[in-house]
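What follows is a set of notes on a single structure, which appears directly below.
Protein chains in written order, with full-length UniProt numbering: chain A, 1 to 160; chain B, 1 to 1127.
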């Protein structure tokens, strides 16, 4: 068992494929899956079968994690589906550049400046809080080559 | 006047106009015109004008409505002459004018209300006169008048039938109730007699009938039906129960016909019975009429009460009914729309006492049962037909279920055993036959064979449970017949399946073979369902025992030498060897013979899997097999301490107890089957569920000399589980495997052995967690899916451990898992961005609170509380002040918060039920309510009003508040001010925004607090002042109808409790309410009403006083709603 875990722990995701296969029946509600080539969060999962003595099929309803669009798919439960690697990481906001780039610092102290202020309400909220001088944590969602700030939160961890 | 009419007409025009023509302001203005019109005082002459002059139907209806409202409000102000002339006018109006049906109905209802109100004062004299007039009208009038007469009687029946649902008529409940009693003892019988008279005219003519005749007959039948379905309610019942009765009667089945002695001359008259049957014969082709006529017959089949207290009368009535009924059913083919009523009659005849049924003439009884079993079989056929054709409405299906249930009775077989055998045999055979494929059976291919079937639909086992149970019971009356038939069916079908699989191994199936494979699955599936219901009776919450018929059958066979213990043991041994037919199989006990054959099915499945043919097997059949084995094991493997009347069969009782080898063998086989299912059929959720159920049930079985824990199969399964790769088993399965393994430990008695067993199971879990935590680079790699999966597995295993805990293993197991639980809260933060993990952790702690908390010592309890609080604290820290653009964010928050509230609710149960032995000196350091309140402090900011709008979360939240308050109101009082204020605000919102259930909970919450404030004399404290506000709020809400009438009495209790604490405020409130009235007459009446509200009520908060106030308040509201229109 220990060997197995060791080998698994060293696989990084750099250069790896954006998705990996998983048996349908092993997927969970609130987990992720590729539907119509888009990374989706599974919001509904139900099973059905063709005929009384048939085998189970899984019916998915998913929501695109970036665009919020809804997708559906159905798949025999023994088959594999592609699952996207989805990473949701919190960064501390240190600065916003004049050309709208964010300076973000990870838990480990790594810095990055390659993400823009997101569009829409989250962006507005981020600006307002930043201008008010609050400490801000940004949640960065990364999957299938896309990366975007999807949530902001006034950082209370520092108050303590 | 003309002005008013044209104003109303203009407004009506706007309301009826299509949406695109008028603006919403115009619409509002028009609605206001009518709302004001409805509030007009003494509008009688205005309305009469309108009725006479206007052509607009909408306005006519409004005028009728306004009269109705005014009558209810102002009844007591009206002079008797005015009332009479108004009533006569209204009746004249609908007789002479052609008005639309809906206007006519409203006017008829108004008249009925007037009759009822008048009857309260004059003891029904006036009503008798009205009825007399109406009868004359129906007999002598033209068709229109006849129909109007019938409509009025219908409306009268409607008005008098309800007592609680009709409180809007402005009378307190007691008065309604008295009026109803009055009506039923004087006029109900008279109305029925009148119907009988009219119906006897119908049967004297022959079809085809004229349309007008049919319309009238229909009305008469509806009236008869209403009279026969009348709910007589005993006067002594509390109001709550009467309310319940009325609701049930309205929504479900009507009550049985229970009549007083004064009905004897009518109801016991044989000619009336014959008349009712003849009416049905005559109008049978008219669907609607036939329906009401049948409903009357159903009611007549339920006659009971003082009117038939004499045995001779009862038997005579019954005999008369049965003769008429048999005459009917044996001469016609029952149509589908008649079937349910016919089945109902058969079923309801059972309510006549056994004694009565037994005293019927012998030939009549025989032909009765003959006819009933013929009907049952024929409904069975028709039901199956209906199903096969995929019909939407299941008339015959319902009828079959009802008629079949009439056979489920003790008295059927007692004294006529031998003679009556043919009935159960016929029904059993028929049921089996319709479920088997031809040539042996008559099953038709299903219409929707290739359709998608959703898994949330119930499967046959659940859907036909009632039928299967009765068929099982019938089969147990005739075991020598049924068991051998079933054994034969199972044996031949399963052997065929064996051959099938063997053929498949050599070559591919052709289409007809594939179809016949499906047929085989279906045959075996049904044979298993029926056999399972014959051999076992599902026993929920009771100690399972072998059905007594099976026990005595087995005993008799053994005594007669037809079976021997040796042959049975041979069979058992042969099961393990999987060899050919065992030696002396003929002499094996039937129960084991069947098990032997069924296990062959299990072997075929395993054989198919081993030969890569597993995907051809049926998951449905696999589930049924798991269910059968589980029922069999629970019933025949559990040691029985039950005393069997008539002796116990040594084979059934001793064989597994005496020979540990046999039991071991069986356990090993079952566990290995469980393991193989879990491995190969992970993708079949339902089969998995049934497999897990079987597993968790058999591991708990403890025989005298054997224990599942010590079997080779169990050892192998544990090894298999521990060697499983990460994330191999689908969600939930790993948890349940662990649950079973932990449950198995509860059968170990010796404490050292027990510890060693749990060490074996739980040490590896601890090691997994240790390895996980000690990764150097965990902070960098925790995002990786592989790493997440390891953690998910650990949490699932822990959840499985927790739900497998029993009272005797709790403290032992908690020692193992406590350190692990302590490591979890930090991951609530680490993985806060991954909802699956967040929810799994919350579920784990919910499971802890639900399954283990009540068994823990104070010290252990505190450990668990600390962890739970840390979890909630971390959760709220990560989610407070968060703003996101994700589309599913709200739904996610909802799910998380529901789990958090669940956690609190389950934790609170520790304060109600604590199973821990309190013999130790450990002190209770902290109570569960502290935990829940402290926790709520963290999550309150996350519970937005938008989220509370979700009904499930809303209900859960208010339930939780009530629960805390029930146990410790003082803790609520002692809360920090801001939390307390948020909580009280949420109660105010709950009273107005989320519907009745929330209101109910909020009222319950306030009631506890108001009482607490009074008892602890907190009125002058800051908290008391905060609560005081609710006196005015509740008063406003009840006066303005914003609290529905069902809840007014709960609200009144709180109002009373608050008045006790805040008398001055109450006086001020009353004064300001009175001063607000502009009309001096209203102000005066309001003041009087307030006076009588507090009349003879002491402000002591005692139960008796509370009840007095509650009654007063009821009358107060009924009274005040009459003249006070509060916005």
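Built from N, CA and C at the ideal position, the CB exists for glycine as well.
All values reported here derive from a predicted model rather than from experimental measurement.
- In whole angstroms, what is the alpha-carbon distance linking residue 75 of chain A and residue 623 of chain B? Here residue 75 of chain A refers to the residue found at position 75 when the first chain is read from its first residue. Here residue 623 of chain B refers to the residue found at position 623 when the second chain is read from its first residue. Roughly 22 angstroms between the two C-alpha positions.
- In the stretch 866 to 899 of chain B, which residues sit with their C-beta less than 9 angstroms from some C-beta in chain A, listed in chain order? Per Cβ criterion, the list reads 877, 878, 879, 880, 881, 882, 883, 884, 885, 886, 887, 888, 889, 891, 892, 895.
- Taking Cβ positions only, does residue 783 of chain B come closer than 8 angstroms to chain A? Counting from 1 along the second chain, the entry for residue 783 of chain B is found at position 783. The beta carbon of residue 783 of chain B sits closer than 8 angstroms to some beta carbon of chain A.
- Item | Straight-line Cα distance separating residue 19 of chain A from residue 81 of chain A | The count along the first chain starts at 1 and reaches residue 81 of chain A at position 81. The count along the first chain starts at 1 and reaches residue 19 of chain A at position 19. Whole-angstrom Cα-Cα distance: 10 angstroms.
- Query: residue 64 of chain A by DSSP, collapsed to three states: which one?
  - Reply: For this step, residue 64 of chain A is matched to residue 64 along the first chain. Strand.
- Looking at the unbroken beta strand (DSSP E) that takes in residue 792 of chain B, where does it start and where does it end? In the second chain, counting from the first residue as 1, residue 792 of chain B sits at position 792. Bounds of any beta strand (DSSP E) do not take in residue 792 of chain B; it lies within the alpha helix (DSSP H) bounded by 785 to 803.
- Got a sec? Which residues, its chain only, sit under 6 angstroms from residue 1115 of chain B by beta carbon, not counting five neighbours each side? Your numbering for residue 1115 of chain B matches position 1115 in the second chain. Cβ-Cβ distances below 6 angstroms link residue 1115 of chain B to 172 in the same chain, with the five nearest sequence neighbours on each side left out; the list follows chain order.
- Query: Under three-state DSSP, which class holds residue 92 of chain A?
  - Reply: Numbered from its first residue, the first chain carries residue 92 of chain A at position 92. Residue state, collapsed to three classes: strand.
- Message: I believe residue 68 of chain B touches residue 109 of chain B by the beta-carbon criterion, under 8 angstroms. Please report the beta-carbon distance rounded to the nearest angstrom.
- Response: Numbered from its first residue, the second chain carries residue 68 of chain B at position 68. Numbered from its first residue, the second chain carries residue 109 of chain B at position 109. For a cut-off of 8 angstroms, the C-beta gap from residue 68 of chain B to residue 109 of chain B is around 7 angstroms, short enough to register as a contact.
- Query: What number of angstroms, rounded off, separates the C-alpha of residue 167 of chain B from the C-alpha of residue 1005 of chain B?
  - Reply: Here residue 167 of chain B refers to the residue found at position 167 when the second chain is read from its first residue. Here residue 1005 of chain B refers to the residue found at position 1005 when the second chain is read from its first residue. Note that residue 167 of chain B scores 48 on pLDDT, short of 50, meaning its location in the model is unreliable; the coordinates nonetheless yield the value given after this. Looking at the backbone, the Cα of residue 167 of chain B and that of residue 1005 of chain B are separated by about 26 angstroms.
- Task: Would you mind telling me which residues of chain A sit closer than 8 angstroms to residue 441 of chain B, beta carbon to beta carbon, in chain order?
- Result: Start at 1 with the first residue of the second chain, and residue 441 of chain B comes out as number 441. Neighbours of residue 441 of chain B on chain A: none; closest Cβ ~16 angstroms, over 8 angstroms.
- Message: By the three-class DSSP mapping on this structure, what secondary structure does residue 443 of chain B have?
- Response: Here residue 443 of chain B refers to the residue found at position 443 of the second chain. Of the three classes helix, strand and coil, the one that applies to residue 443 of chain B here is coil, per DSSP.
- Item | Identity of the residue in B:201, B:1034, B:404, B:995 nearest residue 1010 of chain B by Cα | Residue 1010 of chain B sits at position 1010 when you count from the first residue of the second chain. Among B:201, B:1034, B:404, B:995, the Cα nearest to that of residue 1010 of chain B belongs to B:1034.
- Under 8 angstroms, do residue 805 of chain B and residue 748 of chain B count as touching if we go by C-beta distance? The residue labelled residue 805 of chain B in the question sits at position 805 within the second chain. The residue labelled residue 748 of chain B in the question sits at position 748 within the second chain. With respect to the 8 angstroms criterion, residue 805 of chain B and residue 748 of chain B are not classified as neighbours on the basis of their beta carbons.
- Task: Could you check if residue 192 of chain B is buried or exposed, using at least 16 other CB atoms within 10 Å of its CB as the buried criterion?
- Result: Taking the first residue of the second chain as 1, we reach residue 192 of chain B at position 192. Counting C-beta atoms within 10 angstroms of its own C-beta, residue 192 of chain B has 16 or more neighbours from the protein chains shown and is therefore classed as buried.
- Message: With a threshold of 8 angstroms between beta-carbons, can residue 506 of chain B be considered close to chain A, or not?
- Response: Against the second chain, residue 506 of chain B aligns to sequence position 506. By this cut-off, residue 506 of chain B is not an interface position.
- Which two residues bound the contiguous beta strand (DSSP E) that contains residue 46 of chain A? Taking the first chain and counting its residues from 1, one reaches residue 46 of chain A at position 46. Annotation: the continuous beta strand (DSSP E) that includes residue 46 of chain A extends over 38 to 50.
- Query: Listed in chain order, which residues of the stretch 67 to 86 of chain A have Cβ atoms closer than 7 angstroms to some Cβ of chain B?
  - Reply: Cβ contacts with chain B: 68, 77, 78, 85.
- Return the first residue and the last residue of the beta strand (DSSP E) that residue 108 of chain A is part of. Position 108 of the first chain, counted from the start, is the residue given in the question as residue 108 of chain A. The continuous stretches of beta strand (DSSP E) do not include residue 108 of chain A, and DSSP gives it neither H nor E.
- Cα-Cα, which of B:556, B:1037, B:616, B:723 is closest to residue 589 of chain B? Along the second chain, one-based indexing puts residue 589 of chain B at 589. Selection B:556, B:1037, B:616, B:723 evaluated against residue 589 of chain B yields B:556 as nearest (Cα-Cα).
- Can residue 1133 of chain B and residue 597 of chain B be called in contact, C-beta distance under 8 angstroms? Coverage of chain B is limited to positions 1 through 1127, which leaves residue 1133 of chain B absent and any answer about it impossible.
- At a CB-CB cut-off below 8 angstroms, which residues of chain A make contact with residue 834 of chain B? Walking along the second chain from the start, residue 834 of chain B turns up at place 834. Taking a Cβ-Cβ cut-off of 8 angstroms, the neighbours of residue 834 of chain B in chain A comprise 88, given in sequence order.
- Message: Suppose contacts are defined by Cβ-Cβ distances below 8 angstroms. Is residue 758 of chain B in contact with residue 695 of chain B by that definition?
- Response: Taking the second chain and counting its residues from 1, one reaches residue 758 of chain B at position 758. Taking the second chain and counting its residues from 1, one reaches residue 695 of chain B at position 695. At the C-beta level, residue 758 of chain B and residue 695 of chain B stay beyond 8 angstroms of one another.
- In three-state terms, what does DSSP make of residue 154 of chain A? For the purposes of this step, residue 154 of chain A is taken as the residue at position 154 of the first chain. Here residue 154 of chain A sits in strand by DSSP.
- Within 8 angstroms (strictly less), CB to CB, does residue 1025 of chain B reach chain A? On the second chain, position 1025 is the one that residue 1025 of chain B refers to. With 8 angstroms as the cut-off, residue 1025 of chain B does not count as an interface residue toward chain A.
- Chain-order list of residues whose beta-carbon lies under 6 angstroms from that of residue 1119 of chain B (same chain, five-residue window excluded): Walking along the second chain from the start, residue 1119 of chain B turns up at place 1119. Around residue 1119 of chain B: 1089.
- Query: In chain A, which residues lie with their C-beta within 8 angstroms of the C-beta of residue 435 of chain B?
  - Reply: Counting from 1 along the second chain, the entry for residue 435 of chain B is found at position 435. Ordered by position in chain A, no residue passes the 8 angstroms Cβ test against residue 435 of chain B, which lies about 13 angstroms from the chain.
- Query: Using a Cβ-Cβ cut-off of 6 angstroms (strictly less than) and excluding sequence neighbours within five positions of residue 692 of chain B, which residues of its own chain qualify?
  - Reply: Here the question's residue 692 of chain B lines up with position 692 in the second chain. Excluding sequence neighbours, residue 692 of chain B sits near 736.
- Hey, would you say residue 959 of chain B sits closer than 8 angstroms to residue 972 of chain B, going by beta carbons? Within the second chain, residue 959 of chain B is the residue found at index 959, counting from 1. Within the second chain, residue 972 of chain B is the residue found at index 972, counting from 1. Not closer than 8 angstroms, so no.
- State the CB to CB distance for the pair residue 1093 of chain B and residue 1074 of chain B, rounded to an integer number of angstroms; the pair is presumed to be in contact (CB under 8 angstroms). For this step, residue 1093 of chain B is matched to residue 1093 along the second chain. For this step, residue 1074 of chain B is matched to residue 1074 along the second chain. Distance from residue 1093 of chain B to residue 1074 of chain B at the Cβ level is roughly 13 angstroms; contact not present, criterion being Cβ atoms closer than 8 angstroms.
- chain B beta carbons: is any one of them nearer than 8 angstroms to that of residue 152 of chain A? Walking along the first chain from the start, residue 152 of chain A turns up at place 152. At least one chain B Cβ lies under 8 angstroms of residue 152 of chain A.
- Cutoff 8 angstroms: residue 1041 of chain B Cβ touching any chain A Cβ: Numbered from its first residue, the second chain carries residue 1041 of chain B at position 1041. Not one beta carbon of chain A lies nearer than 8 angstroms to the beta carbon of residue 1041 of chain B.
- Task: Taking only beta-carbon positions, decide if residue 17 of chain A is within less than 8 angstroms of chain C.
- Result: In the structure shown, chain C does not exist; the protein chains are A and B.
- Task: Closer than 7 angstroms by C-beta to residue 470 of chain B: which residues in its own chain qualify, once you throw out the five before and the five after it? Chain order, please.
- Result: In the second chain, the residue the question calls residue 470 of chain B occupies position 470. For residue 470 of chain B, where only same-chain residues beyond five positions count, the Cβ hits under 7 angstroms are 404, 405, 407, 408.
- Grab the span of the beta strand (DSSP E) containing residue 143 of chain A for me, first residue to last. The residue you call residue 143 of chain A lines up with position 143 of the first chain. For residue 143 of chain A, the enclosing beta strand (DSSP E) has its first and last residue at 136 to 143.
- Item | Within-8 angstroms CB hit, residue 941 of chain B to chain A | If you number the second chain from 1, residue 941 of chain B lands on position 941. False, the Cβ-Cβ gap to chain A never drops below 8 angstroms.
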